[in-house]
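Protein sequence lines correspond, in order, to chains A and B. Residue numbering for the first sequence follows our numbering, starting at 7 and increasing by one per position. Residue numbering for the second sequence follows our numbering, starting at 3 and increasing by one per position. The beta carbon of each residue, even a glycine, is placed where N, CA and C say it ideally should be.
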Amino acid sequence: MDITYGELNLVIDGDQRKVPDWFFGLTEFAYGICSTREPLSLNSEHYVISLPDIDGSLAAVALGALAAEIERIEINSNFEEISLTELQVGMKVSIDSGVSGQQKVTGQVRTLDLEDRTPKIEVGSRWIAARFIKKICLLPSEAGNPQIFQRKNIESKVARNFLEHLSSSALPIHRAILDIRSTTKIIEDELNWEFLYAGDSKSLKVKDSVKPISSGQPGSGWTLVLNSSESEDLAWENLGSYLNESELDADISVLCSSSAILAQLEGVNSRITFSILGRDDRQLAATELGIKQKYEYSNPLSRSIDSSKLGQGIELVAFEVPLNV
Amino acid sequence: MSRIQRITELYEYAEMSVQHVSIEDDLLRTFSKEVRKLNIEMRDWLDVSTDWDEALANLRRADWRLRNQPGVFTKSHPAKIHLSQGLSRLDGLYSNLGDEIRKICRGIIENGNAIMRSEESTLNSNLIALLKASKAGGANNIVIILRQEDLIGSCLELLNRESIDNVFVETGYSAIQKKHPIDKLFVVGNILDYSSSVFSCLFSKYGTTILGYSWVPEQDSVGTALSEIAMRPLNIPIIHSQTQEKTEPIDVSHFLEPSVEIASRQLRSVAKNVYAQIDRSNVDEENIQCRAYLLAGKNVVFLPTKEGAIDSIDMSAKSGSRVQRMPIKEIRIGSVILLRVGKSDSDSIFEMANEIGGKEAIRYRNLQKEWKDALKMRISSLGSPLVTRQLQDLGIKNPWIGEWKSFKSNIRPESDDYFRKLLKYLAIEPESTIAAMNALRRLHLMAAMRLRKMLKEKFENANLQTIHEKGFLIEDLGESPEIAKLGAFICLSIGEDVFEVPESAVKQLQKAAD
Numbered sequence: 007m008d009i010t011y012g013e014l015n016l017v018i019d020g021d022q023r024k025v026p027d028w029f030f031g032l033t034e035f036a037y038g039i040c041s042t043r044e045p046l047s048l049n050s051e052h053y054v055i056s057l058p059d060i061d062g063s064l065a066a067v068a069l070g071a072l073a074a075e076i077e078r079i080e081i082n083s084n085f086e087e088i089s090l091t092e093l094q095v096g097m098k099v100s101i102d103s104g105v106s107g108q109q110k111v112t113g114q115v116r117t118l119d120l121e122d123r124t125p126k127i128e129v130g131s132r133w134i135a136a137r138f139i140k141k142i143c144l145l146p147s148e149a150g151n152p153q154i155f156q157r158k159n160i161e162s163k164v165a166r167n168f169l170e171h172l173s174s175s176a177l178p179i180h181r182a183i184l185d186i187r188s189t190t191k192i193i194e195d196e197l198n199w200e201f202l203y204a205g206d207s208k209s210l211k212v213k214d215s216v217k218p219i220s221s222g223q224p225g226s227g228w229t230l231v232l233n234s235s236e237s238e239d240l241a242w243e244n245l246g247s248y249l250n251e252s253e254l255d256a257d258i259s260v261l262c263s264s265s266a267i268l269a270q271l272e273g274v275n276s277r278i279t280f281s282i283l284g285r286d287d288r289q290l291a292a293t294e295l296g297i298k299q300k301y302e303y304s305n306p307l308s309r310s311i312d313s314s315k316l317g318q319g320i321e322l323v324a325f326e327v328p329l330n331v
Numbered sequence: 003m004s005r006i007q008r009i010t011e012l013y014e015y016a017e018m019s020v021q022h023v024s025i026e027d028d029l030l031r032t033f034s035k036e037v038r039k040l041n042i043e044m045r046d047w048l049d050v051s052t053d054w055d056e057a058l059a060n061l062r063r064a065d066w067r068l069r070n071q072p073g074v075f076t077k078s079h080p081a082k083i084h085l086s087q088g089l090s091r092l093d094g095l096y097s098n099l100g101d102e103i104r105k106i107c108r109g110i111i112e113n114g115n116a117i118m119r120s121e122e123s124t125l126n127s128n129l130i131a132l133l134k135a136s137k138a139g140g141a142n143n144i145v146i147i148l149r150q151e152d153l154i155g156s157c158l159e160l161l162n163r164e165s166i167d168n169v170f171v172e173t174g175y176s177a178i179q180k181k182h183p184i185d186k187l188f189v190v191g192n193i194l195d196y197s198s199s200v201f202s203c204l205f206s207k208y209g210t211t212i213l214g215y216s217w218v219p220e221q222d223s224v225g226t227a228l229s230e231i232a233m234r235p236l237n238i239p240i241i242h243s244q245t246q247e248k249t250e251p252i253d254v255s256h257f258l259e260p261s262v263e264i265a266s267r268q269l270r271s272v273a274k275n276v277y278a279q280i281d282r283s284n285v286d287e288e289n290i291q292c293r294a295y296l297l298a299g300k301n302v303v304f305l306p307t308k309e310g311a312i313d314s315i316d317m318s319a320k321s322g323s324r325v326q327r328m329p330i331k332e333i334r335i336g337s338v339i340l341l342r343v344g345k346s347d348s349d350s351i352f353e354m355a356n357e358i359g360g361k362e363a364i365r366y367r368n369l370q371k372e373w374k375d376a377l378k379m380r381i382s383s384l385g386s387p388l389v390t391r392q393l394q395d396l397g398i399k400n401p402w403i404g405e406w407k408s409f410k411s412n413i414r415p416e417s418d419d420y421f422r423k424l425l426k427y428l429a430i431e432p433e434s435t436i437a438a439m440n441a442l443r444r445l446h447l448m449a450a451m452r453l454r455k456m457l458k459e460k461f462e463n464a465n466l467q468t469i470h471e472k473g474f475l476i477e478d479l480g481e482s483p484e485i486a487k488l489g490a491f492i493c494l495s496i497g498e499d500v501f502e503v504p505e506s507a508v509k510q511l512q513k514a515a516d
């Protein structure tokens, strides 16, 4: 995916300016780390990003990481249409049925009864007559277990930038892709940051791409677990009714703010963790100490990474620990 | 200035070098160096002579304020008040001492009196000249950073007298929090007297200038606390405006703010008395190296010298973000720290985890005891070095056996792979123990979160006025007697002596004798 903001302007508090280099650099860095990771690695990589000011960093890193993860799923899982004869028990599929394909059923194929006098298949807990099936799409395991297959209209080739692509592709993903832990204030503020083409009236918000599970539409593609570090509760305690344990287990975590890092650093077990701290934070010293202690028990990164995209004034600490599987 | 513009400028100027302007002042240099010499010579006397202690404390405070407190240089300038008190104490104290000491004392009195008579301060004149030059150069939003709150009033008075307006005077901490638009920053004193964040998060168009004196060594670069482990470290160079003196190695600590050192001497005897009362009868208990902290309400606490953190209250923060973690080494005189009254933090978490887990927790604890006892037995029979080497041979890179054997502060090694190898080494079936320790860790996490939530609820909305007035505030944490009470205490003094304190007495409130 081409990670550029192109001619987009960033709009905050009514002030509209070209997306600044530091913001772009953070997005590119996060994208670079996530797009080159080994998906089945048994290490948990930690990237501590120390900034002069924390403002904007959550949005920038989350967008880059999300772009890489969505791209991986798109490349590896093409959501191809298959024919009835290719269908096998155990496959996860989305089926458009009914006279005009208006009924959508998504789930695992349990029974194939195509030799019957009235051929039919069992998907999830529903039987569908073969003659009413209009379209079958194969769902990859990485998509989790969505209840509805939904894909919007704008394709990547016509999207003007990766944000447009992210906000429009809406893959039918029913699992957490990013696990974001931050303060309520930062989350509410930065997910509302907007991007706009000069002269265009319709803006794209960060939250059009980075969609919280709690406010997402069930089944239409949730993209992250949001968790405020102030709530003292872990998101999975509240989301258990929506997603099962494996669907909640995001490969990428973003801890943004000292309070989030102090509260969560020992608890995260993602394959990639971005810990973002502002050097203007009131709890800076304690956070730096906590990170140094974690570093003491860690190993150097076992792969080389490119940190040249990060802007000046940004400090990066990188290490890895064995993943608790 | 808009929000995007402010943040973008921070990054734009982030690696601009810091200018170090070092002032030459022969009179102050001689005085400052003689005070340092006298302090070194009389170090052993300070414990036994209150007069010497007070004389040198005043002279050191005077020396430091002469270099750090811009202000109208009349006899009411705080540096001159300390100087006057120090000189009058010193006069008559030295007559029976050796030639060298007498010579130093006479020099201090002579130069000190000359400073008292002077109406000119080189700190003032240099700062004013730099401010004027910056304004002439186009800087409109200037901030001066001074080390502590009690220096600000006199500086504002000086600026007012000189008719210099549109300049903010702040401590480093408040300048960072207030986020003034800044296009030029001045820092008065030595970098080591400040948090490194002053230099790593306040960036401006015309850069930062630090104003010091030529005989006080200044470092050549500044980074952050993470720079030493960073893959991409922040390293801001310091450009010195004059050649520094290199003729003798100087310990810069002498020239830094002296309050902690002076107060720690006064704490020494109190701490020794409290230490003598601590129960050290349990020979199996590990001793931890600690320093003593004198707290309001005639309390003392021993806190580890090695790195660690403690909960504290930020008295200037808004309700909702007051309770914060603070590294022990960052505790200063005036810091407000939170301590359990009665039981310790780890005791409370331990017991609450057991309560949450019920019968299952008892089973986990037995498994925990089994593998830790096996490790302790292996260490006592083979010795730590051999056990460490054997574990390394098994592929465990960093066997932290000292920490792993501890029952309350550590549940299991971080890595599944290492833990499995360790358990096999101890001849314990790994999978059930690993699963149990994972469950125990979740219980500890939940207990710690509950405790922290209770703590925050109490102190985020506490009446801070009580802490200001009495120096401390004690709150009940829930109804359970196991969780006991929590107190917020102002730190009054920090000792320099290191004590070997039994683990159970560390972070525990101790009562000082009247």
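- In the three-state DSSP reduction, residue 289 of chain A falls in the coil class, being neither helix nor strand.
- Comparing C-alpha distances from residue 306 of chain A to each of A:273, A:90 and A:52 shows the shortest one belongs to A:52.
- By DSSP's assignment, residue 328 of chain B forms a beta bridge with B:312.
- In this structure, residue 227 of chain B sits away from residue 324 of chain A, with a CB-CB distance that is not shorter than 8 angstroms.
- Counting the other Cβ atoms within 10 Å of the Cβ of residue 58 of chain A gives 16 or more, which makes it buried.
- About 4 angstroms separates the CB atoms of residue 200 of chain A and residue 17 of chain A; that is less than 8 angstroms, so the two are in contact.
- Proximity of the segment 509 to 516 of chain B to the segment 351 to 368 of chain B falls short of the contact definition, fewer than three beta-carbon pairs being nearer than 8 angstroms.
- In the DSSP annotation of this structure, residue 338 of chain B is not part of any alpha helix (DSSP H); the continuous beta strand (DSSP E) holding it starts and ends at 338 to 343.
- The CB of residue 96 of chain B never comes closer than 7 angstroms to any CB in chain A; the least such distance is about 42 angstroms.
- Residue 98 of chain B carries a coil assignment under DSSP once its states are collapsed to helix, strand and coil.
- Annotation: residue 154 of chain B to residue 107 of chain B spans about 31 angstroms, alpha carbon to alpha carbon.
- With a threshold of 8 angstroms between beta carbons, residue 321 of chain A makes contact with chain B.
- Distance from residue 304 of chain A to residue 326 of chain A at the Cβ level is roughly 6 angstroms; contact confirmed, criterion being Cβ atoms closer than 8 angstroms.
- Among the residues facing chain A, residue 332 of chain B is included, as its CB has a counterpart in that chain under 8 angstroms away.
- Here DSSP, grouped into helix, strand and coil, assigns residue 181 of chain B to coil.
- In summary, residue 257 of chain A is buried, with 16 or more beta-carbon neighbours lying within 10 Å of its beta-carbon over all protein chains present.
- In this structure residue 262 of chain A is in contact with residue 192 of chain A, their Cβ atoms being roughly 6 angstroms apart against a cut-off of 8 angstroms.
- Chain-order list of chain B residues neighbouring residue 267 of chain A: empty, with the shortest C-beta distance near 10 angstroms, by a criterion of under 9 angstroms.
- Residue 441 of chain B and residue 299 of chain B have their C-alpha atoms spaced approximately 41 angstroms apart.
- Ranked by Cα distance from residue 13 of chain A, the first of A:136, A:145, A:30 and A:189 is A:30.
- A direct Cα-Cα distance of roughly 25 angstroms separates residue 241 of chain B from residue 29 of chain B.
- At a cut-off of 4 residues, the continuous stretches assigned as alpha helix (DSSP H) that sit fully inside the segment 199 to 285 of chain B are 199 to 203 and 261 to 279.
- Neighbours of residue 103 of chain A across chain B, judged by C-beta separation under 9 angstroms, do not exist; the nearest C-beta is about 44 angstroms away.
- Contact fails between the segment 41 to 48 of chain B and the segment 123 to 132 of chain B, because fewer than three Cβ pairs, one in each stretch, are under 8 angstroms apart.
- Judged by DSSP in its simplified three-state form, residue 420 of chain B adopts helix.
- Cβ neighbours of residue 150 of chain B within its own chain (closer than 7 angstroms, five residues either side excluded): 173.
- The beta carbon of residue 313 of chain A falls within 8 angstroms of a beta carbon belonging to chain B, placing the residue at that interface.
- Here the segment 280 to 300 of chain A makes contact with the segment 195 to 215 of chain B; the two share three or more CB pairs at distances below 8 angstroms.
- Counting along the chain, residue 295 of chain B sits inside the beta strand (DSSP E) bounded by residues 289 to 297.
- Contact annotation for residue 17 of chain B against chain A: 318 and 319 [CB-CB distance below 9 angstroms, chain order].
- For residue 133 of chain A, the uninterrupted beta strand (DSSP E) segment begins and ends at 132 to 135.
- Cβ-Cβ distances below 8 angstroms link residue 316 of chain A to 31, 32, 35, 55 and 322 in the same chain, with the five nearest sequence neighbours on each side left out; the list follows chain order.
- Around the C-beta of residue 379 of chain B, fewer than 16 other C-beta atoms lie within 10 Å, and the residue is accordingly described as exposed.
- Secondary structure in the segment 370 to 415 of chain B: the alpha helix (DSSP H) runs of 4 residues or longer, each lying completely within the stretch, are 386 to 395 and 403 to 406 in chain order.
- With contact defined as three or more Cβ pairs closer than 8 angstroms, the segment 58 to 66 of chain B and the segment 257 to 265 of chain B are in contact.
- Selection B:235, B:271, B:79 and B:6 evaluated against residue 17 of chain B yields B:235 as nearest (Cα-Cα).
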